[in-house]
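*Asks:* Have a look at this one before I ask anything.
2 protein chains.
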Amino acid sequence: MKKMINQAENIVSEMLLGMLKAYPNMLQQVADLPIIVRKQKKQQKVGLVSGGGSGHEPAHAGFVGYGMLDAAVAGEVFTSPSADKVYEAIKAVDSGKGVLLVIKNYSGDVMNFEMAAEMAAMEGITVSKIIVDDDIAVENSTYTVGRRGIAGTVWVHKMVGAAAESGYSLEALEQFGNKVIANTKSIGMALKPCLVPTTGKLSFELADDEVEIGLGIHGEPGTHREKIQSADQHVDHLLEKLLAESNLSAEDEVAVLVNGLGETTLIELFIINNRVADVLQSKNIRVVDTLVGNYMTSLDMGGFSITLSKLDSEMKQMLQAKADTVAFKRG
Amino acid sequence: MKKMINQAENIVSEMLLGMLKAYPNMLQQVADLPIIVRKQKKQQKVGLVSGGGSGHEPAHAGFVGYGMLDAAVAGEVFTSPSADKVYEAIKAVDSGKGVLLVIKNYSGDVMNFEMAAEMAAMEGITVSKIIVDDDIAVENSTYTVGRRGIAGTVWVHKMVGAAAESGYSLEALEQFGNKVIANTKSIGMALKPCLVPTTGKLSFELADDEVEIGLGIHGEPGTHREKIQSADQHVDHLLEKLLAESNLSAEDEVAVLVNGLGETTLIELFIINNRVADVLQSKNIRVVDTLVGNYMTSLDMGGFSITLSKLDSEMKQMLQAKADTVAFKRG
Chain P
1 MKKMINQAEN IVSEMLLGML KAYPNMLQQV ADLPIIVRKQ KKQQKVGLVS
51 GGGSGHEPAH AGFVGYGMLD AAVAGEVFTS PSADKVYEAI KAVDSGKGVL
101 LVIKNYSGDV MNFEMAAEMA AMEGITVSKI IVDDDIAVEN STYTVGRRGI
151 AGTVWVHKMV GAAAESGYSL EALEQFGNKV IANTKSIGMA LKPCLVPTTG
201 KLSFELADDE VEIGLGIHGE PGTHREKIQS ADQHVDHLLE KLLAESNLSA
251 EDEVAVLVNG LGETTLIELF IINNRVADVL QSKNIRVVDT LVGNYMTSLD
301 MGGFSITLSK LDSEMKQMLQ AKADTVAFKR G
Chain H
1 MKKMINQAEN IVSEMLLGML KAYPNMLQQV ADLPIIVRKQ KKQQKVGLVS
51 GGGSGHEPAH AGFVGYGMLD AAVAGEVFTS PSADKVYEAI KAVDSGKGVL
101 LVIKNYSGDV MNFEMAAEMA AMEGITVSKI IVDDDIAVEN STYTVGRRGI
151 AGTVWVHKMV GAAAESGYSL EALEQFGNKV IANTKSIGMA LKPCLVPTTG
201 KLSFELADDE VEIGLGIHGE PGTHREKIQS ADQHVDHLLE KLLAESNLSA
251 EDEVAVLVNG LGETTLIELF IINNRVADVL QSKNIRVVDT LVGNYMTSLD
301 MGGFSITLSK LDSEMKQMLQ AKADTVAFKR G
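Residue numbers (full-length UniProt numbering), protein chains in the order written: chain P, 1 to 331; chain H, 1 to 331.
Laid out in structure tokens, this is it:
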């Protein structure tokens with residue numbers, strides 16, 4: 001298998017060590033666990049914990065830092081972290097104001113994060129959760145009841161992280177988080193499978209002239225396969241579905257994330273954004289913030305997703321607030 | 001060809017438009033040319049211009065902004081921009097203090113940037129140049145007389161950009177730039193070719209169990225091919241070559257860049273950095289700054305490079321200074 005790894009069983013632990021050695025002033029590890037927390041822990045704020053299977057880098061450890069997450073828990077590749085590890089992360093970031101869990105909607109993650117919340121509650125830590133389900137492609141999938149959480153999670157980390165930093169209570173933060181989630185919708189498509197380094201196998205197969213619409217970030221099936229078309233044609237098609245779900249009208253303000261799944265070049269992502277911006281402008285929808293790049297990947301999968309967050313003034317303020325993490329800096 | 005593009009001849013222009021629409025507050029275009037400049041042009045400083053063929057994104061337009069470049073000129077994919085376009089970039093950023101060109105050492109780039117400098121001189125603009133030749137793998141190659149310029153160019157942009165921002169004269173900046181270049185060495189290896197979207201062809205072929213050591217960022221041949229080994233074994237081998245050229249001793253301070261060529265996952269890059277950090281620590285070489293990610297890519301090529309910059313106090317100060325660009329933010 002052509003991957004720069006050592007033993008397959010050490011992939012996640014060596015990755016985390018390599019990250020900690022790269023950013024020692026920003027990040028630290030909890031004991032020897034796959035938990036990355038801020039080096040400078042801020043007291044007297046709600047702690048924000050996210051995580052999930054590895055393979056989506058820079059998510060989630062890349063978003064640990066000022067104005068975003070307090071901790072990220074890394075499972076094995078495409079595998080939910082266990083409840084006891086999430087519990088350790090909760091304990092590590094609690095400073096008496098409670099902890100909010102940001103969970104991507106996959107059955108394993110939801111189960112383990114909820115179990116961890118129960119364990120923490122028994123220790124007297126107040127824990128709430130929000131569940132990100134931004135992917136409009138399919139209603140249920142291989143690993144999920146309900147819609148999946150994908151790249152929109154990055155906007156959730158950003159906005160909810162800023163609100164936590166600014167002093168929101170746990171209750172207010174949960175409420176705000178659910179508003180952000182309700183207004184954040186994504187859809188993606190895949191051009192190429194990813195190679196899963198722990199198994200040495202491709203995540204699925206696609207013909208040379210074929211793409212899969214609505215595919216999930218672990219290779220879960222989407223809605224259908226079709227022949228590859230031009231970037232503009234695919235973007236138009238995806239945006240049509242997205243706008244039908246996004247409740248956006250003329251003069252509304254929106255944040256856009258054009259997210260690469262790994263192998264897709266920035267050239268392509270910018271060409272995609274060129275069309276996204278034009279279509280939104282033609283509808284007089286005002287783009288006030290755009291990110292283009294690899295924020296929620298699927299190893300080396302080829303493909304991308306488009307996320308739209310309909311903004312109100314509170315969301316806009318939190319979006320534009322300062323953030324200082326490895327993979328997202330602002331202000 | 002499985003790429004998200006429209007017409008092949010519009011790849012670069014649509015990419016640049018998509019980038020400008022994503023970051024309208026930071027970047028603007030010069031006329032309808034493939035030249036990206038800062039939105040807020042700073043007066044009374046030496047202008048810093050870089051560029052080259054497209055396909056290396058986020059280089060170079062992603063490094064246009066405060067504390068780094070004033071302009072980036074984009075050629076077609078893997079093709080030098082023409083002299084008249086570089087000349088327009090020089091004119092756009094000159095504010096009377098002269099302009100420094102940062103050129104990666106490829107024959108086409110050197111020729112076109114030098115011709116542009118002569119054109120600007122005839123208009124009364126003082127232009128100097130520095131030529132980045134950090135790649136220690138081969139002495140001459142397909143497109144180059146002398147060593148090639150690769151990912152070390154990012155550290156040059158950062159340090160020289162900070163010096164320009166802090167008010168260095170053109171002469172002092174050229175001298176500082178040459179010091180940075182003399183102390184910045186890189187070497188890379190490839191696991192997979194890239195698909196060149198303008199031709200629809202792979203840049204080279206490699207067997208399933210084979211890697212190429214020292215390959216260039218346009219697919220130029222390296223030193224040799226060998227069987228794939230573990231990440232640690234390859235890193236040890238590359239670092240041995242790099243340290244032999246880097247003049248680094250115990251207690252010296254160094255900046256590290258582990259750069260992905262496109263398709264290689266952050267998981268792998270962090271595993272690579274884990275070994276790089278350990279080897280340097282074993283030699284008591286002090287890593288004071290590390291970047292891990294895709295900074296100088298080769299479309300969707302699989303592979304990576306390691307760059308070491310031996311720092312003195314002036315370089316360290318410039319490395320740690322504020323930067324605010326699309327792809328590099330600090331401070």
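Beta carbons are placed, not taken as given, at the ideal position from N, Cα and C, and that holds for glycine.
Which whole-angstrom value describes the C-beta separation of G219 (chain P) and F204 (chain P), a residue pair presumed to lie in contact below a C-beta threshold of 8 Å?
*Replies:* What you label residue 219 (chain P) is simply residue 219 of the first sequence in a count that begins at 1. What you label residue 204 (chain P) is simply residue 204 of the first sequence in a count that begins at 1. With a Cβ gap of about 5 Å, G219 (chain P) and F204 (chain P) count as contacting.
*Asks:* From this set, P:T325, P:T307, P:A321 and P:Q320, which residue's C-alpha is nearest A151 (chain P)'s C-alpha?
*Replies:* Here residue 151 (chain P) refers to the residue found at position 151 when the first sequence is read from its first residue. The option with the nearest alpha carbon to A151 (chain P) is P:T307.
*Asks:* Among H:N259, H:E123, H:A190 and H:A321, which residue has its Cα nearest to the Cα of I90 (chain H)?
*Replies:* Along the second sequence, one-based indexing puts residue 90 (chain H) at 90. Taking only the C-alpha atoms, the option nearest I90 (chain H) is H:E123.
*Asks:* Determine, using beta carbons only, whether M68 (chain H) comes closer than 8 Å to chain P.
*Replies:* What you label residue 68 (chain H) is simply residue 68 of the second sequence in a count that begins at 1. No - not a single Cβ of chain P is within 8 Å of the one on M68 (chain H).
*Asks:* Does DSSP put S246 (chain P) in a helix, in a strand, or in coil?
*Replies:* Here residue 246 (chain P) corresponds to residue number 246 of the first sequence, with the count starting at 1. Reduced to three states, the DSSP call for S246 (chain P) is helix.
*Asks:* Output the boundary residues of the beta strand (DSSP E) element that contains L308 (chain H).
*Replies:* Here residue 308 (chain H) is taken as the residue at index 308 of the second sequence, counted from 1. First-last of the beta strand (DSSP E) with L308 (chain H): G302 to L311.
*Asks:* Closer than 7 Å between beta carbons: that is the criterion. Which residues of the region 101-122 of chain P meet it against chain H?
*Replies:* Residues passing the 7 Å Cβ filter: none.
*Asks:* Determine the burial state of residue 332 (chain H): buried for a count of at least 16 other Cβ atoms within 10 Å of its Cβ, exposed for fewer.
*Replies:* The structure shown does not extend to residue 332 (chain H), since chain H is modelled only from 1 through 331, so no value can be given for it.
*Asks:* For the alpha helix (DSSP H) holding M26 (chain H), just list the boundary residues, first then last.
*Replies:* The residue you call residue 26 (chain H) lines up with position 26 of the second sequence. Here M26 (chain H) belongs to no alpha helix (DSSP H), and DSSP marks it neither H nor E.
*Asks:* Are three or more beta carbon pairs between the region 242-261 of chain H and the region 310-322 of chain H nearer than 8 Å?
*Replies:* Short answer: they touch.
*Asks:* In the DSSP assignment, find the beta strand (DSSP E) that holds R286 (chain P) and state where it starts and stops.
*Replies:* Translated into positions along the first sequence, residue 286 (chain P) becomes position 286. Element bounds for R286 (chain P): R286 to G293.
*Asks:* Would you mind stating whether R147 (chain P) and N178 (chain P) have Cβ atoms separated by less than 8 Å?
*Replies:* Translated into positions along the first sequence, residue 147 (chain P) becomes position 147. Translated into positions along the first sequence, residue 178 (chain P) becomes position 178. It is not a contact, given that the beta carbons lie outside the stated cut-off.
*Asks:* So within the region 55-108 of chain P, which uninterrupted alpha helix (DSSP H) runs reach at least 4 residues, ignoring any that extend past its ends?
*Replies:* With a minimum length of 4 residues, the continuous alpha helix (DSSP H) runs that stay inside the region 55-108 of chain P are 83-93.
*Asks:* For the beta strand (DSSP E) containing I125 (chain H), name the first residue and the last one.
*Replies:* On the second sequence, residue 125 (chain H) is found 125 positions in, with the first residue counted as 1. Premise fails: I125 (chain H) is in no beta strand (DSSP E) and is neither H nor E.
*Asks:* Secondary structure at residue 332 (chain P), three-state DSSP: helix, strand or coil?
*Replies:* Since the first and last residues shown for chain P are 1 and 331, residue 332 (chain P) lies out of range.
*Asks:* Under 7 Å between beta-carbons, which chain H residues line up against K192 (chain P)? List them in chain order, please.
*Replies:* Along the first sequence, one-based indexing puts residue 192 (chain P) at 192. Chain H residues near K192 (chain P): K2.
*Asks:* Determine the burial state of G216 (chain H): buried for a count of at least 16 other Cβ atoms within 10 Å of its Cβ, exposed for fewer.
*Replies:* Start at 1 with the first residue of the second sequence, and residue 216 (chain H) comes out as number 216. Answer is buried; the Cβ neighbour count reaches 16.
*Asks:* How is the alpha helix (DSSP H) around G18 (chain P) delimited, first residue to last?
*Replies:* Here residue 18 (chain P) is taken as the residue at index 18 of the first sequence, counted from 1. Counting along the chain, the alpha helix (DSSP H) containing G18 (chain P) begins and ends at I11 to A22.
*Asks:* Is the region 49-58 of chain P close to the region 296-305 of chain P, with three or more CB pairs under 8 Å?
*Replies:* Output reads yes: the region 296-305 of chain P touches the region 49-58 of chain P.
*Asks:* Would you verify that the beta carbon of T264 (chain P) is, or is not, closer than 8 Å to some beta carbon of chain H?
*Replies:* For the purposes of this step, residue 264 (chain P) is taken as the residue at position 264 of the first sequence. By this cut-off, T264 (chain P) is an interface position.
*Asks:* Would DSSP call I271 (chain H) helix, strand or coil?
*Replies:* Here the question's residue 271 (chain H) lines up with position 271 in the second sequence. The answer is helix: DSSP assigns I271 (chain H) an H, G or I state.
*Asks:* In chain P, what lies closer than 7 Å to L17 (chain H) by C-beta?
*Replies:* On the second sequence, position 17 is the one that residue 17 (chain H) refers to. Result: N274.
*Asks:* In its own chain, which residues sit with a C-beta less than 7 Å from the C-beta of A121 (chain P), not counting the 5 before and 5 after it?
*Replies:* For this step, residue 121 (chain P) is matched to residue 121 along the first sequence. V127.
*Asks:* Could you name the residues of the region 205-232 of chain H whose beta carbon sits closer than 8 Å to any beta carbon of chain P, in the order they occur along the chain?
*Replies:* Those would be D208, D209, V211, I228, S230, A231 and D232, in chain order.
*Asks:* Roughly how many angstroms lie between the CA atoms of L257 (chain P) and C194 (chain P), to the nearest whole one?
*Replies:* Walking along the first sequence from the start, residue 257 (chain P) turns up at place 257. Walking along the first sequence from the start, residue 194 (chain P) turns up at place 194. One C-alpha to the other measures close to 21 Å.
*Asks:* With a threshold of 8 Å between beta-carbons, can G302 (chain P) be considered close to chain H, or not?
*Replies:* Taking the first sequence and counting its residues from 1, one reaches residue 302 (chain P) at position 302. G302 (chain P) counts as touching chain H.
*Asks:* At a Cβ threshold of 8 Å, is T290 (chain P) touching chain H?
*Replies:* Position 290 of the first sequence holds residue 290 (chain P). Cβ-Cβ to chain H under 8 Å: yes for T290 (chain P).
*Asks:* Suppose the cutoff is 8 Å on Cβ atoms and the five residues either side in sequence are ignored; what does the same chain contact list for L100 (chain H) look like?
*Replies:* Against the second sequence, residue 100 (chain H) aligns to sequence position 100. The answer, listed in chain order, is V46, G47, L48, V49, V127, S128, K129, I130, V160, A164, L170, L173, E174 and G177.
*Asks:* For D133 (chain P), does the three-state DSSP call read helix, strand or coil?
*Replies:* By 1-based counting over the first sequence, the position of residue 133 (chain P) is 133. Coil.
*Asks:* Counting along the chain, where does the alpha helix (DSSP H) carrying N259 (chain P) start and finish?
*Replies:* Position 259 of the first sequence, counting from 1, holds the residue named residue 259 (chain P). Looking at the DSSP string, N259 (chain P) is not in any alpha helix (DSSP H); the run it does join, the beta strand (DSSP E), is E253 to G260.
*Asks:* List the whole-angstrom C-beta distance separating I181 (chain P) from V132 (chain P), where the pair is believed to meet the contact cut-off of C-beta under 8 Å.
*Replies:* Counting from 1 along the first sequence, the entry for residue 181 (chain P) is found at position 181. Counting from 1 along the first sequence, the entry for residue 132 (chain P) is found at position 132. Their Cβ separation, rounded to whole angstroms, is 6 Å, which keeps I181 (chain P) and V132 (chain P) in contact under 8 Å.
*Asks:* Please report how far the alpha carbon of R275 (chain H) lies from the alpha carbon of L242 (chain H), in whole angstroms.
*Replies:* The sequence position of residue 275 (chain H) within the second sequence is 275, counting from 1. The sequence position of residue 242 (chain H) within the second sequence is 242, counting from 1. Computed Cα separation, rounded: 14 Å.
*Asks:* To the nearest angstrom, how far is it from the Cα of N43 (chain H) to the Cα of D70 (chain H)?
*Replies:* Taking the first residue of the second sequence as position 1, residue 43 (chain H) is located at position 43. Taking the first residue of the second sequence as position 1, residue 70 (chain H) is located at position 70. Looking at the sequence provided, one finds Gln at residue 43 (chain H) rather than Asn. Their backbone Cα atoms lie some 11 Å apart in a straight line.
*Asks:* Buried or exposed: E88 (chain H), going by 16 or more other Cβ atoms within 10 Å of its Cβ?
*Replies:* Reading the second sequence from its first residue, position 88 is the one you call residue 88 (chain H). That one is buried.
*Asks:* Can you name the residues of chain P whose CB is closer than 8 Å to the CB of A277 (chain H)?
*Replies:* The sequence position of residue 277 (chain H) within the second sequence is 277, counting from 1. Near A277 (chain H) (Cβ distances below 8 Å), the residues of chain P are G18, K21 and A22.
*Asks:* Of all the options P:A22, P:I267 and P:Y66, which has the alpha carbon lying nearest to the alpha carbon of H157 (chain P)?
*Replies:* Translated into positions along the first sequence, residue 157 (chain P) becomes position 157. H157 (chain P) has its Cα closest to that of P:Y66, out of P:A22, P:I267 and P:Y66.
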